[in-house]
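Numbering (this note's numbering), first residue to last: 170 to 446. Beta carbons: idealized from backbone N, C-alpha and C, even for Gly. Below is one structure, written out as structure tokens, with a few remarks after it.
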Ligand SMILES: Cc1cc2nc3c(=O)[nH]c(=O)nc-3n(C[C@H](O)[C@H](O)[C@H](O)COP(=O)(O)O)c2cc1C
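Rendered as structure tokens:
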């Protein structure tokens, strides 16, 4: 495991609620020591997408949640202190409409007690329609990472979360790493559609093979860049597939919505045995 990336099991942004919902299912220690990635936090509150947000499809979900969150002030006053008291290693996912917003978030979160690291969301399936800063071009994603890195202490990790775009993910990972990302999270929900044609993102086991292709590509092309895998992890086998492909950690997202004990089981199953120690 890399020194800069907590793991080997983390929650995926937006799938562990505020932490309070997950805690009763997180095992004997609750959230203590768990790398908990928050839902993406924006400067101002966001209501999220109106109408239907989630549909089940074979092997996964299509979602268009739209990053609902209470905004930074409320997060700092309520959710963060609770997570810190629960002993979680809090990685705050940040998203912004402008580069300045990302920088502001990083500046303010650097001063908040208990923030272990940041995850920069530059990988939403549809950021243009979401009102987020457009980061489809690796250069733009890297500029956001550089702006965040400048504002956040060098001894705490900044993870860049990239979309699972097979054709550009290596370029994106290289650019974000050069811009100061301690690690890259590969990937996110895969651009998809609801049955009525509305755009959404596909997650869960149905999307795992796409994320795996991206993880393999980044791990082979950029061996010096720590990779965290996100896509369809639901049991020890799916987690080990990513670790064998070169990931230093895995994130668990959609599986938590089906079975919130998944993180606890994976933490137990992937804990180093006495013989390994
Ligand atoms: C309901 C839901 C909400 C999500 N919210 C966020 C979010 O706030 N920020 C983010 O970066 N990713 C978000 N994601 C993407 C997940 O963190 C994860 O990268 C993706 O779903 C793929 O992993 P999985 O198959 O384990 O779910 C969300 C996914 C779902 C299903």
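Taking one C-beta from the segment 201-212 and one from the segment 256-266 each time, how about it: are there three or more such pairs within less than 8 Å?
Result yes; three or more Cβ-Cβ pairs closer than 8 Å.
Tell me whether the beta-carbon of residue 359 lies closer than 8 Å to the beta-carbon of residue 331.
Counting from one through the chain shown, the residue named residue 359 turns up at place 190. Counting from one through the chain shown, the residue named residue 331 turns up at place 162. For residue 359 and residue 331, no; Cβs fall outside 8 Å.
Alpha carbons only, please: which of 196, 181, 190, 224 is nearest the one belonging to residue 367?
The residue you call residue 367 lines up with position 198 of the chain shown. Measuring from the Cα of residue 367, the nearest candidate turns out to be 224.
Within the same chain, show all residues whose beta-carbon is closer than 6 Å to that of residue 441, passing over the 5 residues directly before and after it, in chain order.
Numbered from 1 along the chain shown, position 272 holds the residue referred to as residue 441. No residues qualify anywhere along the chain.
Going by DSSP in three states, residue 363 sits in which element: helix, strand or coil?
For this step, residue 363 is matched to residue 194 along the chain shown. Here residue 363 sits in coil by DSSP.
Report the option in 277, 352, 183, 423 whose CA atom is closest to the CA atom of residue 326.
To locate residue 326, count along the chain shown from 1; it is residue 157. Checking every option, the nearest Cα to that of residue 326 belongs to 352.
List the endpoints of the continuous alpha helix (DSSP H) containing residue 205.
Stepping through the chain shown from its first residue, residue 205 is reached at position 36. Segment 204-206 is the beta strand (DSSP E) holding residue 205; no alpha helix (DSSP H) there.
Which of the three DSSP states is assigned to residue 338 in this structure?
For the purposes of this step, residue 338 is taken as the residue at position 169 of the chain shown. It is helical.
If you follow the beta strand (DSSP E) that residue 402 is part of, which residue opens it and which one closes it?
Residue mapping note: residue 402 aligns to position 233 of the chain shown, counting from 1. Unbroken run through residue 402: none, as it is neither H nor E.
Please report the distance separating the alpha-carbon of residue 316 from that of residue 338.
Stepping through the chain shown from its first residue, residue 316 is reached at position 147. Stepping through the chain shown from its first residue, residue 338 is reached at position 169. Going by the C-alpha atoms only, they are around 20 Å apart.
Within its chain, find whatever has a CB closer than 7 Å to the CB of residue 320; leave out the 5 residues flanking it on each side and keep chain order.
As a working note, residue 320 is residue 151 in the chain shown. Cβ within range, chain order: 272, 275, 276, 279.
Between which two residues does the alpha helix (DSSP H) containing residue 250 stretch?
Residue 250 sits at position 81 when you count from the first residue of the chain shown. Element bounds for residue 250: 249-254.
Ordered along the chain, which non-local residues of its own chain (more than five positions away) have a Cβ less than 8 Å from that of residue 189?
Reading the chain shown from its first residue, position 20 is the one you call residue 189. Counting only Cβ-Cβ distances below 8 Å, and skipping sequence neighbours, we find 251.
Could you spell out where the beta strand (DSSP E) holding residue 421 opens and where it closes?
Residue 421 sits at position 252 when you count from the first residue of the chain shown. Residue 421 -> beta strand (DSSP E) spans 418-421.
Tell me the rounded alpha-carbon separation between residue 345 and residue 311.
Within the chain shown, numbered from 1, the residue matching residue 345 stands at position 176. Within the chain shown, numbered from 1, the residue matching residue 311 stands at position 142. Answer to the nearest angstrom: the Cα atoms are 4 Å apart.
Where does residue 415 fall in DSSP's three states?
By one-based count along the chain shown, residue 415 stands at place 246. Reduced to three states, the DSSP call for residue 415 is coil.
I'd like to know whether the C-beta atoms of residue 241 and residue 217 end up nearer to each other than 8 Å.
Here residue 241 corresponds to residue number 72 of the chain shown, with the count starting at 1. Here residue 217 corresponds to residue number 48 of the chain shown, with the count starting at 1. For residue 241 and residue 217, no; Cβs fall outside 8 Å.
Measuring straight from C-alpha to C-alpha, what distance separates residue 243 and residue 270?
Here the question's residue 243 lines up with position 74 in the chain shown. Here the question's residue 270 lines up with position 101 in the chain shown. Rounded to the nearest angstrom, the two C-alpha atoms are 16 Å apart.
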